[in-house]
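Number of protein chains: 2
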Amino acid sequence: MARTGRRPGNQDTREAILTAARKAFTERGFDKASIRQIATVAEVDPALVHHYFGSKDKLFLAAMQVPFDPGEVIPQVFAGGTDGVGERLVRTVLTVWDSPAGGAAIGIMRSVLSHDWSARMLREFVTSQILRRVIQHLDVDPKEAPLRTTLAASQLVGVMMVRYIVKVEPLTSTPREVLVSAIGPTIQRYLTGEVAGLDQMTDQ
Amino acid sequence: MARTGRRPGNQDTREAILTAARKAFTERGFDKASIRQIATVAEVDPALVHHYFGSKDKLFLAAMQVPFDPGEVIPQVFAGGTDGVGERLVRTVLTVWDSPAGGAAIGIMRSVLSHDWSARMLREFVTSQILRRVIQHLDVDPKEAPLRTTLAASQLVGVMMVRYIVKVEPLTSTPREVLVSAIGPTIQRYLTGEVAGLDQMTDQ
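Each protein sequence line maps, in turn, to chains F and G. Just so we're aligned: the first sequence equals residues 264 to 467 in this note's numbering. Just so we're aligned: the second sequence equals residues 264 to 467 in this note's numbering.
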């Protein structure tokens, strides 16, 4: 069953690693999963996992088939400081989803709602790959940062749901830059502005 | 197989009507589906559909197992005018989802992502039962109202996704009233305030 022009052996090894990785990230979470343990389950040498995928972060992205690297994208969004970061974040997110690669992100969202394991994977992804990085760039009270970033995430996830999955008009056909202007200030406020109710949280 | 204390014949008739209704609403949309046609497919008299379910709106809610009636809830939210409607809308939505009945809403969301027919049903629900009613209460340029309401819907759907389905902390355990204070102003701005980008839409 060898496929011409491919290296089926290597493909099988990669798949075995990815399968073990999905299981580990789902069962143990991102932080507690280890490349060593994933290699053991996949019956390969840990060095081979590093060789194929690089870091644990990159292995996780490969396991989830995420079409972009938050480790590169998020620093770019924050490169210009927090001024206007709301608009830049909305533009970046919509650009990924409007692209052909966005189909993968939509596929992940679809599977999340039907499988609990996907919800766990997505939760680990959002927390370890997105929120943790965004928080590093925020110049706010560290106690407020987690809720601020999850509020921003809720707006971005909601646009994705309504625009790409449920497809409610006129949001689905609204030009990207209109949404950048309309939604950017919401993200900006959640991440950097006045958010009533936060003081109630951090006083707990 | 008669069940004690039930009227299986009536139950079967109700189920046949609901099955025909789901098919009709999915294939034709809410507006074009008719009780007469649904009754024909279910092989019952249209009067029986009215007898069991009342209006087409109520039949639709029953077919989707929606645990509340937007036709009652939305006028209540807007009863105090548009002042503070953002906070009242967030409070109402979170109260429904935090309640035992909220499980049904979450179930609908879960099925949406795995079945295209559910996405169509949810789209029809949001459009015909929610957005159309909210728009009636808004005191804004009618050309802007559809995008304003779908923007608000995107934020509310996103909170539901992150709080109840993906379950990202700290949003999942944040007290309801904190979220009312934090998210209310977003909904208020989308529905009644200054939204940059809207002029670009309506100039088209």
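Ideal Cβ placement from N, Cα and C applies to all residues, glycine included. A quick note: this is a predicted structure, and the numbers were derived from the prediction, not measured.
Proximity to residue i [Cα-Cα], best of the options
{"i": "Thr-355/F", "options": "Phe-323/F, Ala-459/F, Gly-447/F", "result": "Gly-447/F"}
{"i": "Phe-288/G", "options": "Val-307/G, Arg-386/G, Gly-366/G", "result": "Arg-386/G"}
{"i": "Asp-346/F", "options": "Ala-364/F, Arg-373/F, His-400/F", "result": "His-400/F"}
{"i": "Tyr-427/G", "options": "Ala-283/G, Asp-462/G, Pro-363/G", "result": "Pro-363/G"}
{"i": "Gln-418/F", "options": "Leu-311/F, Leu-442/F, Asp-275/F", "result": "Leu-442/F"}
{"i": "Leu-324/F", "options": "Thr-303/F, Phe-293/F, Trp-360/F, Val-397/F", "result": "Phe-293/F"}
{"i": "Ser-381/G", "options": "Gly-343/G, Ser-436/G, Val-329/G, Ala-310/G", "result": "Val-329/G"}
{"i": "Gln-274/G", "options": "Gln-300/G, Arg-299/G, Ala-305/G", "result": "Ala-305/G"}
{"i": "Val-458/G", "options": "Gln-463/F, Leu-461/F, Thr-449/F", "result": "Thr-449/F"}
{"i": "Asp-372/F", "options": "Gln-339/F, Val-422/F, Asp-332/F, Leu-410/F", "result": "According to the sequence as given, residue 372/F is Met; it is not Asp. Met-372/F has its Cα closest to that of Val-422/F, out of Gln-339/F, Val-422/F, Asp-332/F, Leu-410/F."}
{"i": "Ala-415/G", "options": "Glu-440/F, Ala-445/F, Ser-436/F, Gln-463/F", "result": "Ala-445/F"}
{"i": "Asp-320/F", "options": "Leu-461/F, Gln-392/F, Met-424/F, Tyr-453/F", "result": "Gln-392/F"}
{"i": "Thr-390/F", "options": "Arg-299/F, Thr-276/F, Ser-374/F, Gly-334/F", "result": "Gly-334/F"}
{"i": "Val-348/F", "options": "Gln-463/F, Leu-461/F, Gln-451/F", "result": "Gln-451/F"}
{"i": "Gly-460/G", "options": "Arg-299/G, Met-424/G, Val-425/G, Glu-407/G", "result": "Glu-407/G"}
{"i": "Val-359/G", "options": "Phe-341/G, Ile-337/G, Gln-463/G, Ile-298/G", "result": "Ile-337/G"}
{"i": "Ala-367/F", "options": "Tyr-315/F, Phe-331/F, Pro-405/F", "result": "Phe-331/F"}
{"i": "Asp-361/F", "options": "Arg-277/F, Thr-276/F, Thr-435/F", "result": "Thr-435/F"}
{"i": "Leu-281/F", "options": "Ala-310/F, Phe-316/F, Arg-291/F", "result": "Phe-316/F"}
{"i": "Ala-342/G", "options": "Val-420/G, Pro-409/G, Val-397/G", "result": "Val-397/G"}
{"i": "Pro-405/F", "options": "Ser-374/F, Asp-462/F, Ala-302/F", "result": "Asp-462/F"}
{"i": "Thr-437/G", "options": "Val-429/F, Lys-430/F, Pro-409/F, Thr-437/F", "result": "Pro-409/F"}
{"i": "Lys-430/F", "options": "Val-340/F, Ile-369/F, Arg-277/F", "result": "Ile-369/F"}
{"i": "Arg-277/G", "options": "Ala-302/G, Ser-374/G, Glu-350/G", "result": "Ala-302/G"}
Per-residue DSSP class, three states only, for residue i
{"i": "Glu-457/G", "result": "coil"}
{"i": "Lys-258/F", "result": "Nothing about residue 258/F can be reported from this structure: the residues present for chain F run from 264 to 467 only."}
{"i": "Ala-382/F", "result": "helix"}
{"i": "Ser-362/F", "result": "coil"}
{"i": "Asp-402/G", "result": "coil"}
{"i": "Met-264/G", "result": "With a pLDDT of only 43 at Met-264/G, under the threshold of 50, the placement of this residue in the model should not be trusted, and no figure is reported."}
{"i": "Val-348/F", "result": "helix"}
{"i": "Pro-433/G", "result": "coil"}
{"i": "Gln-274/G", "result": "helix"}
{"i": "Gly-447/G", "result": "helix"}
{"i": "Gln-392/F", "result": "helix"}
{"i": "Arg-452/G", "result": "helix"}
{"i": "Gln-463/F", "result": "helix"}
{"i": "Val-329/G", "result": "coil"}
Residue i: first and last residue of the uninterrupted alpha helix (DSSP H) it sits in
{"i": "Ser-417/G", "result": "408-423"}
{"i": "Leu-334/G", "result": "The question names Leu, yet the displayed sequence has Gly at residue 334/G. Here the alpha helix (DSSP H) through Gly-334/G covers 333-341."}
{"i": "Pro-309/F", "result": "309-316"}
{"i": "Ala-302/F", "result": "298-305"}
Supposed close pair residue i, residue j - CB separation, criterion 8 Å
{"i": "Pro-477/G", "j": "Thr-455/F", "result": "The structure shown does not extend to residue 477/G, since chain G is modelled only from 264 to 467, so the question has no answer here."}
{"i": "Arg-411/G", "j": "Val-403/G", "result": "6 Å"}
{"i": "Ala-284/G", "j": "Leu-322/G", "result": "5 Å"}
{"i": "Arg-439/G", "j": "Leu-357/G", "result": "5 Å"}
{"i": "Met-384/G", "j": "Met-327/G", "result": "6 Å"}
{"i": "Ile-298/G", "j": "Val-312/G", "result": "5 Å"}
**Q.** Members of the stretch 379-412 of chain G that neighbour chain F once the beta carbon cut-off is set at 8 Å
**A.** Ala-382, Leu-385, Arg-386, Val-389, Thr-390, Leu-394, Pro-409, Leu-410
To be precise: take each residue of the stretch 294-307 of chain F, compare its Cβ to all Cβ atoms of chain G, and keep it if any distance is under 7 Å. Which residues remain? The stretch 294-307 of chain F vs chain G, Cβ under 7 Å: nothing.
Original post:
Going along the stretch 433-456 of chain G in order, which residues come within less than 9 Å of chain F, judged by CB to CB distance?
Top reply: Pro-433, Leu-434, Thr-435, Thr-437, Pro-438, Glu-440, Val-441, Leu-442, Val-443, Ser-444, Ala-445, Ile-446, Gly-447, Pro-448, Thr-449, Arg-452, Tyr-453
Members of the stretch 326-346 of chain F that neighbour chain G once the beta carbon cut-off is set at 8 Å | none
Listed from N- to C-terminal order along the chain, which residues in the stretch 413-432 of chain G have their beta-carbon within a distance smaller than 9 Å of any beta-carbon of chain F? Thr-413, Leu-414, Ala-416, Ser-417, Gln-418, Leu-419, Val-420, Gly-421, Val-422, Met-423, Met-424, Val-425, Arg-426, Ile-428, Val-429, Lys-430, Val-431, Glu-432
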